[in-house]
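Only one structure is covered here, and it is reproduced in the block below.
This is the structure we're talking about:
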């Protein structure tokens with residue numbers, strides 16, 4: 111295979127004249143794309159990510175900026191995350207699937223918070239997306255060509271958030287972030303599993319490095335000493351990249367399809383809004399509940415097809431692909447062993463992750479028949495989380511894990527207060 115040929119061609123295409131924006135394309139690698147919008151920080155992760163109504167540490171800068179007014183000391187916070195992905199892909203005629211395993215790790219969150227009398231400000235770095243995988247699919251299919259695909263995507267926010275306390279009961283906050291996005295994917299569809307055959311061989315690739323300005327807003331209401339209720343809206347960001355698609359005339363030469371290269375292809379990170387509550391059963395035991403609406407359909411509006419035999423065919427309706435918006439429900443709790451010299455905290459949670467892979471949802475036609483098989487994987491998933499923390503005079507250390515079928519996440523966080 112000659113993936114280097116594709117990579118060089120899409121790099122050269124970056125110099126082309128920009129065209130009107132289109133949405134993500136239907137390469138096989140995009141069928142496997144996974145999002146994980148769990149709030150940053152091991153503490154929140156240990157409680158199933160239910161943190162909108164609590165939001166009482168530095169991660170509130172992203173989760174609910176209104177919560178920053180609850181901090182009384184300046185603090186520096188950092189989180190390291192390790193994620194294991196198990197990506198299903200089509201291995202043959204339905205319903206034959208296989209799994210590709212991959213692992214990502216890195217600095218998930220870093221922040222500095224400065225509180226004042228009735229307001230606070232925070233600077234932060236948040237890695238909202240990191241995913242990569244590669245696999246060979248459809249090796250046992252009578253209909254689909256064997257394909258070799260890889261994808262690597264990363265998104266990072268650099269933001270500032272500020273919050274103001276209007277009264278003992280009400281706070282509001284807003285955040286603005288410079289969001290960076292990097293994408294590289296390559297797919298080759300060939301005729302034979304053992305050797306490259308030019309007749310009918312096809313390639314598609316995408317590459318982009320873009321940025322956007324995004325924002326989030328939140329409010330926090332404390333009607334009693336035991337109850338707090340929060341609400342938040344988060345922007346997602348719009349990022350553009352370049353896509354090519356073509357047919358091989360030799361193992362080292364590819365002729366682009368009509369309409370390619372295409373600049374201004376759009377990757378829209380889904381927006382979201384949600385509400386959450388925290389209830390203190392006792393001084394040492396609290397329960398959190400979050401409900402958030404994820405606008406996953408942002409991703410496929412205006413989707414372009416690279417699978418059509420004569421080039422791009424238009425939008426997602428023609429390609430037969432889409433994603434439904436989904437509702438996340440998160441429930442978590444923490445208990446503090448406060449009578450210890452260094453208090454120890456145990457946490458647990460559960461949350462429902464709605465199905466949000468790109469999938470086929472149209473009528474089968476000769477143009478989109480391949481999409482009807484490739485984009486057919488996905489289901490709701492239940493996640494179970496555990497967490498442990500220990501507090502010192504000025505330092506706090508937290509560990510957490512999130513377990514599910516598509517991925518496991520492990521988190522280590524540290525907070526220094528001064």
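In this note's numbering, the protein residues as written are 111 to 528. Note that beta-carbon positions come from the ideal geometry of N, C-alpha and C, so glycine has one too.
- Query: Between which two residues does the alpha helix (DSSP H) harbouring residue 394 extend?
  - Reply: Unbroken run through residue 394: none, as it is neither H nor E.
- Query: By how many angstroms is the C-alpha of residue 353 removed from the C-alpha of residue 311?
  - Reply: Using only the alpha carbons, I get a separation of about 18 Å.
- Message: If distances are taken between C-alpha atoms only, which option among 256, 177 and 524 comes closest to residue 165?
- Response: Nearest option by C-alpha distance: 177.
- Query: Are the beta-carbon atoms of residue 433 and residue 406 separated by less than 8 Å?
  - Reply: Closer than 8 Å, so yes.
- Task: State the DSSP-derived secondary structure class of residue 175, mapped to helix, strand or coil.
- Result: Helix.
- Query: From residue 471 to residue 332, what distance separates their C-alpha atoms?
  - Reply: Rounded to the nearest angstrom, the two C-alpha atoms are 44 Å apart.
- DSSP beta-bridge partners of residue 546: Residue 546 is absent from the structure shown; the chain starts at 111 and stops at 528.
- Query: The beta strand (DSSP E) with residue 156 in it runs from where to where?
  - Reply: Premise fails: residue 156 lies in the alpha helix (DSSP H), 152-156, not in any beta strand (DSSP E).
- Item | residue 379 classed as buried or exposed, judged by whether at least 16 other C-beta atoms fall within 10 angstroms | buried
- Sheet register partners of residue 149 (DSSP bridge): None, per the DSSP bridge assignment.
- Message: Measuring alpha carbon to alpha carbon, tell me which residue in 449, 518, 490 and 464 is nearest residue 500.
- Response: 449
- Of the residues 154, 158 and 196, the one placed nearest residue 516, counting alpha carbons only: 196
- Would you call the region 368-386 and the region 144-161 in contact, with 3 or more CB pairs under 8 Å? By the Cβ criterion, the region 368-386 is in contact with the region 144-161, since at least three pairs of Cβ atoms, one from each stretch, lie closer than 8 Å.
- Task: Identify every residue that forms a DSSP beta bridge with residue 515.
- Result: Paired residue(s): none; residue 515 is not in a bridge.
- Counting only runs that start and end within the region 213-238, where is the beta strand (DSSP E) found for 3 or more residues in a row? Counting whole runs of 3 or more residues, the region 213-238 contains no beta strand (DSSP E) stretch at all.
- Look up residue 524 in the DSSP assignment and say whether it is helix, strand or coil. strand
- Task: Could you tell me whether the region 277-284 touches the region 256-264, using the rule of 3 or more Cβ pairs below 8 Å?
- Result: no
- Please classify residue 441: is it buried, with 16 or more other beta-carbons within 10 angstroms of its beta-carbon, or exposed? Counting Cβ neighbours within 10 Å, residue 441 comes out buried, since at least 16 surround it.
- Query: Any beta-carbon of chain D closer than 8 Å to the one on residue 245?
  - Reply: Judged by its chain identifiers, the structure shown contains no chain D, having just a single protein chain.
- Message: Does the region 240-247 come into contact with the region 208-217, if we say contact requires no fewer than three beta-carbon pairs (one atom in each stretch) closer than 8 Å?
- Response: Result yes; three or more Cβ-Cβ pairs closer than 8 Å.
- Message: Please classify residue 492 as buried or exposed, where buried requires at least 16 other C-beta atoms within 10 Å of its C-beta.
- Response: exposed
- Item | Contact test: residue 402 Cβ vs the ligand MG heavy atom, cutoff 7 Å | What this structure holds is no ligand at all, so the ligand MG is not there to describe.
- Query: So what does residue 450 bridge to, in DSSP terms?
  - Reply: According to DSSP, residue 450 bridges with nothing at all.
- Item | Exposure of residue 289, with buried meaning 16 or more beta-carbon neighbours within 10 Å | Buried.
- Return the CA-CA distance between residue 422 and residue 357, expressed in angstroms with no decimal places. Note on residue 422: pLDDT 42, under 50, position unreliable in the model; no value is reported.
- Task: Give the secondary structure of residue 180 by DSSP, where H, G and I count as helix, E and B as strand, and everything else as coil.
- Result: helix
- Message: Short of 6 Å in beta carbon distance, which residues of its chain neighbour residue 520, apart from the five on each side in sequence? Order them along the chain.
- Response: 192 and 511
- Message: Rounded to the nearest angstrom, what separates residue 199 and residue 321 at their Cα positions?
- Response: Each residue's alpha carbon lies about 30 Å from the other.
- Task: Out of 503, 496, 230 and 518, point me to the one whose CA is closest to residue 154's CA.
- Result: Nearest to residue 154 by C-alpha distance, out of 503, 496, 230 and 518, is 496.
- residue 454 to residue 522 span [Cα, whole Å]: 15 Å
- Query: Taking Cβ to Cβ, would you say residue 526 is nearer than 8 Å to residue 186?
  - Reply: yes
- Query: How is residue 423 classed by DSSP in three states: helix, strand or coil?
  - Reply: With a pLDDT of only 39 at residue 423, under the threshold of 50, the placement of this residue in the model should not be trusted, and no figure is reported.
- Message: Pop quiz: residue 162 and residue 173 are said to be a contact at Cβ under 8 Å. What is the actual Cβ separation, rounded to whole angstroms?
- Response: Sure, about 6 Å apart at Cβ, within 8 Å.
- Message: I'd like to check one pair, residue 216 with residue 235: are the Cβ atoms closer than 8 Å?
- Response: no
- Item | Among 256, 323, 327 and 287, the one whose alpha carbon lies nearest that of residue 343 | 327
- Item | Bridge-paired residues (DSSP) for residue 493 | 461
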